[in-house]
Amino acid sequence: MKTTASQQRPPQRETFSEWLVERTGWKGLTYPVPAHANKIWYLLGGISFVGFLILFATGIYMAQFYNAQPSEARQSVVYLITGVPLGELIRSIHFWTAQIVTATVILHFLRILFTAAYKKPRELNWFIGLGLLLVTFGAVYTGSALKYDQEGVEALQHATDAGGLMGALGAFFSSEFSRSVSLLTRFFTVHTSILPLAFAALIGIHIYLINQHGISPKVDADATAHNTKGEGESRFDVHLRSMAGYGLLLFAIVLILGLFFPAPLGQPGIPGEELTKPWWMFVWLFPAEAAWGAWALIIIPSILAGLLFLVPIVDRSPYLSPLKRKWVLILAGIILLVIIVSGVVATLQPVSGHLK
Ligand code: HEM
53 MKTTASQQRP PQRETFSEWL VERTGWKGLT YPVPAHANKI WYLLGGISFV
103 GFLILFATGI YMAQFYNAQP SEARQSVVYL ITGVPLGELI RSIHFWTAQI
153 VTATVILHFL RILFTAAYKK PRELNWFIGL GLLLVTFGAV YTGSALKYDQ
203 EGVEALQHAT DAGGLMGALG AFFSSEFSRS VSLLTRFFTV HTSILPLAFA
253 ALIGIHIYLI NQHGISPKVD ADATAHNTKG EGESRFDVHL RSMAGYGLLL
303 FAIVLILGLF FPAPLGQPGI PGEELTKPWW MFVWLFPAEA AWGAWALIII
353 PSILAGLLFL VPIVDRSPYL SPLKRKWVLI LAGIILLVII VSGVVATLQP
403 VSGHLK
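Going by this note's numbering, the first residue of the sequence shown is number 53, and it counts up by one from there.
Structure (C-alpha cells):
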C-alpha cells in the first residue's frame, strides 16, 4: 500500500500549552457569554471568589499558631505577629482581604438588586446568594472575636446578650451550651470549619446555576429576564481571564496594605466593659442598639433578611429597566440611605455602654 507524504512525517511534538489544554478540557470553557459579563460590575462575584481563596490560604497558615482557649488566644496572636515567619504579614493580608471582600460582596449584591438579576429563572440563585451573604457576615463577625482583645471580648459579649434574648434559639451563644468548650473555641470552629464548608456548598450551587442560566441580560429600556446560556459575543475563558486579572490586582492591593498597615490588635479585653465600636459593616447597628439594646441586633437584621427574601417573590414582572421597577428601587434606596446615615451617626457617636 502506498503511503502519502503527510503519513511519513514524524509526529510533531506537543507544546506544553497544547498538553495542558487537552488534559484540562480548557476548550470546553470557550463557550459564548455576553460582552457585558466582562464589565467590572459583572465581575464582582468572581473577585469575591478570589478573595475567599486568599482568605482560606492565609487562614490555614494562621490556624497552625492560633490557640482558641480564652486564656491563650490573644497571646497566641501576639506570638503569630512577633515569633512566626511572615506571621504578621499573613495576618494583615487576611485582615485586609476580609475588609475588601465584604465590600465586593455587598457591591455584587447591590448589582444583582439594581439590575434585577434575581428575576425568573434566577430566583433560586438569589436565595443561595443570601446564604452566601450570611456566610460572609458570619465569617467577619466570628473572625473579629477570635483575637480576644477588647474588641473580641465585646463581640462575644454582644452575641451572648442577643442569644440570651432568643431563648432556645440563642442557646448556642450561652456559656451553659457546652461545659467543656468555651464560646470562643466554638466561634473558632464556626469560623474555620462550619462557615467554610457552608461556603463551599453554596458557591458550588451558585456557580452551577449561573452556568445553567447564563448571565442576566444587559439592562435597557425593554430588556426582559431570560436564560442567556449559549448567547453572547464574548467567551467564558475571556471572562475567566478578566476575573484572574482583577484577582491578581486584589492580591497586590492586600499585599501592599498588609505591608504598610498591619492588622490591629487591641489591649487584653475587660469583660463587661464597652470601650470599642463594631467594624464598619456592623457599625450602622450601633445607634439602634444604643436606643433599644440587644433586641435591635436581632430584630433589625431579621427584618432586613425577611425583606430580601421577599424580593424575587414580590417583584415578578419580567422587566429589568429601573423605570419599570420604581417601587423596589425606591424602597431599596431608602433602606440603603438609612443604613449609610446610621453608619455615619455611629462613627460620630461616643462609645456608650449599652451592655447589660
Ligand atoms: C460570597 C459571596 C458571593 C460570591 C463569591 C458570588 C459569586 C458570584 C459569581 C462569580 C457570579 C457571576 C457573575 C458576577 O460575578 O456578577 C454571581 C452571580 C450571581 N450572584 Fe453571586 N456571589 C456571592 C454572593 C451573592 C449574593 C449576596 C447574592 C444576592 C443575594 C448573589 C446573587 C447572585 C445572582 C442572582 C447571580 C446571577 C447574576 C446574573 O446572572 O447577572 N450572590 N455570583
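All C-beta atoms, glycine included, are put in the ideal place defined by N, C-alpha and C.
### Task
Determine the burial state of phenylalanine 312: buried for a count of at least 16 other Cβ atoms within 10 Å of its Cβ, exposed for fewer.
As a working note, residue 312 is residue 260 in the sequence shown. Exposed is the call here.
### Message
Considering only heavy atoms of the ligand HEM, does any lie closer than 7 angstroms to the CB of tryptophan 347?
### Response
Residue 347 sits at position 295 when you count from the first residue of the sequence shown. No, the ligand HEM has no heavy atom inside 7 angstroms of this Cβ.
### Message
Need the endpoints of the alpha helix (DSSP H) that asparagine 177 sits in, please.
### Response
Locating residue 177 in the sequence shown gives position 125, where the first residue counts as 1. Where asparagine 177 is concerned, the enclosing alpha helix (DSSP H) stretches over 175 to 198.
### Query
Exposed or buried, which one is glycine 219 when buried takes at least 16 other CB atoms within 10 Å?
For this step, residue 219 is matched to residue 167 along the sequence shown. Its Cβ having fewer than 16 others within 10 Å, glycine 219 is exposed.
### Query
To which residues of the same chain is leucine 356 closer than 6 angstroms at the C-beta, ignoring the five residues directly before and after it?
Counting from 1 along the sequence shown, the entry for residue 356 is found at position 304. The answer is none, since no qualifying residue turns up.
### Query
First and last residue of the alpha helix (DSSP H) that includes methionine 114?
As a working note, residue 114 is residue 62 in the sequence shown. From DSSP, the alpha helix (DSSP H) with methionine 114 extends over 96 to 115.
### Query
Regarding asparagine 177 and the ligand HEM, is the C-beta to nearest heavy atom distance less than 7 angstroms?
Residue 177 sits at position 125 when you count from the first residue of the sequence shown. It does: the Cβ of asparagine 177 is within 7 angstroms (strictly closer) of some heavy atom of the ligand HEM.
### Query
Does DSSP put serine 294 in a helix, in a strand, or in coil?
Position 242 of the sequence shown, counted from the start, is the residue given in the question as residue 294. Three-state DSSP puts serine 294 in a helix.
### Message
At the level of alpha carbons, what is the spacing between asparagine 119 and phenylalanine 334?
### Response
To locate residue 119, count along the sequence shown from 1; it is residue 67. To locate residue 334, count along the sequence shown from 1; it is residue 282. Rounded to the nearest angstrom, the two C-alpha atoms are 26 angstroms apart.
### Message
Using DSSP's beta-bridge definition, name the partner residues of proline 353.
### Response
Position 301 of the sequence shown holds residue 353. Proline 353 pairs with nothing; no bridge assigned.
### Query
Heavy atom of the ligand HEM less than 7 angstroms from the Cβ of tyrosine 83, yes or no?
As a first step, residue 83 must be located in the sequence shown, where it is residue number 31. Incorrect: tyrosine 83 has no Cβ contact closer than 7 angstroms to the ligand HEM.
### Message
At a threshold of 7 angstroms, does valine 157 count as lining the ligand HEM (C-beta to nearest heavy atom)?
### Response
The sequence position of residue 157 within the sequence shown is 105, counting from 1. Valine 157: yes, Cβ under 7 angstroms from the ligand HEM.
### Task
With a threshold of 16 other CB atoms inside 10 Å of the CB of tryptophan 148, please say whether the residue is buried or exposed.
As a working mapping, residue 148 is identified with position 96 in the sequence shown. Answer is buried; the Cβ neighbour count reaches 16.
#### Entry: Inter-stretch contact (C-beta, 8 angstroms, three-pair minimum) for the segment 80 to 96 and the segment 278 to 286
yes
### Task
Count the C-beta pairs between the segment 307 to 327 and the segment 202 to 210 that are closer than 8 angstroms, then say yes if the count reaches three, no if not.
yes
### Message
Once the 5 residues before and after threonine 296 are set aside, which same chain residues still bring their CB inside 8 angstroms of it?
### Response
Position 244 of the sequence shown, counted from the start, is the residue given in the question as residue 296. Rather than threonine, the amino acid found at residue 296 in this sequence is alanine. Same-chain partners within the cutoff: Val102.
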